[in-house]
Ligand SMILES: *Cc1c(COP(=O)(O)O)cnc(C)c1O
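Okay, structure coming up:
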């Protein structure tokens, strides 16, 4: 398919309407097969379950062009699994992995002209989501649901180099113990908006949330998991039942162990050890940025600066990021099944 005439290197992380989206409906207790459609508008009841009680879950993944000009996606089977788990937690009927993968492939193929060329740093971001669509006024799950996936081209997360960021320890909580922190649901983001606006107004790039029970342990940021290194060959990964299982983080753990020869230590990480200098480098990880390096953490005015400082990413995070992006782009051999080609 011929590429659209877009200014690829100046795309932002925003929404651009593309040609086709995939839609499936759940009615009378079953999902239909779904199909590609043209209409980007959704008409629903004013009383739809999603509008009243936020019954919706979502995913985020990207399609992109590799060095040899193929269009691929990265580990979509893990997105299928996570969407399933999220749906079950919110009493939403899950879709099958088969339909998820088919919808990803069809949506990317139908919008192939919007896949940014290799080397621009831009990608085609995919947003699958399921929501309750029939009227719900008494508090209960909806009966009818819609699954959608749309694609939108987005720019490189980092323009002009990867810069370390300053984050604050938030006074707000993200996810209660035994709550919904471990699923990808819009509700986790609605409640984070005030916290992120507050952090931005204070000059911070992001919030680090603590465990709400004791407020002594590091969990994650609003939309990315955290990883640290001690600078002595170990990758330290915060562990908690309310952290969202990031696919990027799980992939980086594999890369650290099997490509970089690092040891992995997945455990509870205290704020005290981080602020006390136990780790030389830290990063935020997620689909959009892969790794975004930590420069400073500010805990109510007390600052800790990682050894890389504010000018550049440290050597360990750089190595991990370059290896994983190499795997994604086809310049480093990928583990079996990680790269899924799209036939256009
Ligand atoms: C989506 C998300 C992440 C990152 O997950 P990836 O699968 O790596 O993109 C991390 N934390 C939260 C809260 C998220 O919603």
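In this note's numbering, the protein residues as written are 1 to 344. Don't be surprised by glycine CBs; every beta carbon is placed ideally from N, CA and C.
Please go through the same chain and pick out, in chain order, the residues whose beta-carbon is closer than 6 angstroms to the beta-carbon of residue 359, but skip the five residues on each side of it. Examination of residue 359 is not possible in this model, given that the chain is present from 1 through 344 alone.
Would the C-beta of residue 285 count as close to ligand 1, meaning under 7 angstroms from any of its heavy atoms? yes
Among 274, 263, 123, 203, which residue has its Cα nearest to the Cα of residue 154? 123
Counting only the same chain and skipping the five closest in sequence on each side, list residues whose C-beta sits under 7 angstroms from that of residue 248. 285, 286, 287, 290
At what residue ranges does the stretch 58 to 104 contain a whole run of the beta strand (DSSP E), taking only runs of 3 or more? 61 to 65, 71 to 74
Residue burial classification, residue 137 (beta-carbon count within 10 angstroms, cutoff 16): exposed
Among 326, 51, 185, 218, which one has its Cα closest to the Cα of residue 128? 185
Is any heavy atom of ligand 1 found at a distance shorter than 7 angstroms from the C-beta of residue 89? no
Along the beta strand (DSSP E) that carries residue 323, what are the first and last residues, could you check? Segment 315 to 329 is the alpha helix (DSSP H) holding residue 323; no beta strand (DSSP E) there.
Could you tell me whether any non-hydrogen atom of ligand 1 is closer than 7 angstroms to the CB of residue 223? yes
Would you check if the stretch 68 to 75 and the stretch 323 to 338 touch, i.e. whether three or more CB-CB distances between them fall below 8 angstroms? yes
Just reading off the alpha helix (DSSP H) that residue 305 is part of, what are its end residues? Note, residue 305: premise wrong, no alpha helix (DSSP H); beta strand (DSSP E) at 302 to 305.
Indicate, with yes or no, if ligand 1 has a heavy atom lying under 7 angstroms from the CB of residue 239. no
With DSSP collapsed to three states, give me the class of residue 45. coil
Taking Cβ to Cβ, would you say residue 237 is nearer than 8 angstroms to residue 253? yes
Would you call the CB atoms of residue 55 and residue 150 closer than 8 angstroms? no
My output table needs one value for residue 244: the three-state DSSP class, helix, strand or coil. coil
Under the assumption that residue 206 contacts residue 221 (Cβ atoms under 8 angstroms), give the Cβ distance between them as a whole number of angstroms. 5 angstroms
Could you name each continuous alpha helix (DSSP H) segment of 4 residues or more that falls completely within the stretch 191 to 223, going from the start of the chain to the end? 193 to 201
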